[in-house]
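Everything on this sheet refers to the single structure shown next.
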Amino acid sequence: MSREMDDLFEEQKQKFKEALRQAQSVVVSTGAGVSAESGVPTFRGKDGLWRKYNVMELATPEAFERNPSLVWEFYNYRRELMFSKQPNPGHITLAKLEEYLTSQSKEFTLITQNIDGLHKRAGSKNILAVHGDLYGVKCTRCDYKAENKDVPITPAFEGLGSPDPDTPEANVSFDDLPKCPKCNALIRPDVVWFGESLDSEILSKVDMAIAKADFMLVVGTSMLVYPAAAFPYAAKQTGAKLAFVNFEQTGNENIFDFVFIGKSGEILPEILNIYED
Ligand code: BV8
Ligand code: ZN
12 MSREMDDLFE EQKQKFKEAL RQAQSVVVST GAGVSAESGV PTFRGKDGLW
62 RKYNVMELAT PEAFERNPSL VWEFYNYRRE LMFSKQPNPG HITLAKLEEY
112 LTSQSKEFTL ITQNIDGLHK RAGSKNILAV HGDLYGVKCT RCDYKAENKD
162 VPITPAFEGL GSPDPDTPEA NVSFDDLPKC PKCNALIRPD VVWFGESLDS
212 EILSKVDMAI AKADFMLVVG TSMLVYPAAA FPYAAKQTGA KLAFVNFEQT
262 GNENIFDFVF IGKSGEILPE ILNIYED
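Quick note, the numbering used here runs 11 ahead of the 1-based positions in the sequence shown.
Here is the structure:
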């Protein structure tokens, strides 16, 4: 960064930290860019594809209906991948900020679009995972839901799920697909797919947190997926101060009072460390 850019960053950082110190109720909303620093592929970057598909082609009820073996290969890959990934300084800083603010009897809510579980592993507590959990499974027929850490998801998926575009589809037989222990129907990942509604209870908690917020930080998201993309606009409506940390501009910068362009794992520890003051 040039000297002048450095000074601009410093000045904006001081103003941001002052505004954060004044805040009584803070909401943070994160997307895949926060986990990118942990080596977890994002959805739209150069690593945004799995084989020749993008997430929108696989994360849908129709795709699962048409080819449950392929969709389970996709999730089996991501479930396995997360075992080798760790929270990065961005996740850890957000957990430290929450601990500090709650010790000051201030409100803190972490909304995340990510299903990778890294915020929880970093120690964040008040998490609203609006798109579900990679290790959650649910029955396609009865009310069975559970946390399932089996990797592979069933023995037939051993070694399956390679992201390499030339990998042939495994076409795992229906008998070898994961089934419900209660009614023996197919189970699916307990995540929100495109075209599916978000959990209404979680959404009402999001709405309440945003309505009360006087400060909202949005990190590592292209702001393309709704309704999460609308959350910062809702906070703006209620007069909250808004900050954005992202590797690149997304075209929504005009609604933010503070914009830091760069890597979340480097920027967050620099701008959120009011607990070190
Ligand atoms: C719904 C779980 C009601 C699965 C996911 C209104 C208007 C337009 C469209 C719609 C609308 N309402 C509904 C829709 C349709 C759809 C939608 O929004 N489509 C978009 C694409 C136009 N929304 C839905 O279907 C939602 N449901 O609204 O229900 C309804 C019901 C029926 C009919 C209509 C409405 C459900 C959406 C949830 C889908 N599930 N995930 C899974 O993960 O397998 S979405 C998935 O993709 C993620 O969860 C996440 O939300 C999204 C990816 O977005 P990001 O997190 O932002 O990641 P991305 O890669 O895009 O960007 C990363 C950013 O980080 C980049 O900007 C990059 O620059 C930056 N970055 C990279 N590295 C770093 C970094 N930043 C900092 N540091 C770094 N190192
Ligand atoms: Zn069942």
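The beta-carbon is built from N, C-alpha and C at its ideal position, and this holds for glycine as well.
Annotation for A220: the continuous alpha helix (DSSP H) segment containing it runs 211-223.
DSSP, read as helix, strand or coil, puts W61 in strand. For Q124, the shortest C-beta to heavy atom distance toward ligand 1 is below 7 Å. Cβ contact annotation for P79 (same chain, cutoff 7 Å, sequence separation greater than five): L188, L197, in chain order. Secondary structure note for Y146: it is in no alpha helix (DSSP H), and the uninterrupted beta strand (DSSP E) holding it is 143-150. As summarised for the segment 20-102, the continuous alpha helix (DSSP H) elements at least 4 residues long and confined to that stretch are 43-47, 66-69, 72-77, 79-93, given in chain order. For R199, the shortest C-beta to heavy atom distance toward ligand 2 is 7 Å or greater. Taking C-beta atoms as the reference points, P100 and L279 count as a pair closer than 8 Å. Taking one beta carbon from each stretch, the segment 60-67 and the segment 171-178 have 3 or more pairs nearer than 8 Å; the two touch.
DSSP links R199 through a beta bridge to K149.
Excluding the 5 residues flanking it on each side, L81 has same chain C-beta neighbours closer than 6 Å at E180, in chain order.
Relative to ligand 1, even the nearest heavy atom lies 7 Å or more away from the CB of H130. From the listed residues P72, R152, N159, the smallest Cα separation to Y146 is found for N159. Residues K96 of the same chain have their beta carbon placed closer than 7 Å to that of G50, with the five preceding and five following residues left out of the count.
Non-local C-beta neighbours of V162 in its own chain, meaning closer than 8 Å and more than five positions away in sequence, comprise N87, R90, E91, F94, ordered along the chain.
In the three-state reduction of the DSSP assignment, M16 falls in the helix class.
When the beta-carbon positions are compared, T232 and T41 come within less than 8 Å of each other. Cα atoms of F168 and E84: separation of roughly 7 Å, rounded to the nearest angstrom. Per DSSP, L279 lies in no beta strand (DSSP E) segment; the continuous alpha helix (DSSP H) that holds it begins and ends at 275-282. Judged by DSSP secondary structure, F242 falls within the alpha helix (DSSP H) whose first and last residues are 242-248.
Taken through DSSP and simplified to helix, strand or coil, F205 comes out as coil. By the C-beta criterion, the segment 197-213 is judged not to be in contact with the segment 26-43, since fewer than 3 inter-stretch pairs fall below 8 Å. By the neighbour-count definition (other C-beta atoms within 10 Å, threshold 16), N182 is an exposed residue. A heavy atom of ligand 1 is found nearer than 7 Å to the CB of K274.
Per DSSP, L129 is one residue of the alpha helix (DSSP H) stretching across 129-133. Cβ neighbours of V256 within its own chain (closer than 6 Å, five residues either side excluded): V230, F271, S275, I278. Close CB contacts of N263 within its chain, under the 6 Å cut and outside five residues either way in sequence, are with M234 (chain order).
Taking a C-beta distance under 8 Å as the contact criterion, A254 and V37 do not qualify as a contact pair. The continuous stretches of beta strand (DSSP E) do not include I285, and DSSP gives it neither H nor E. Straight-line spacing of the CA atoms in I221 and K131 works out to 21 Å.
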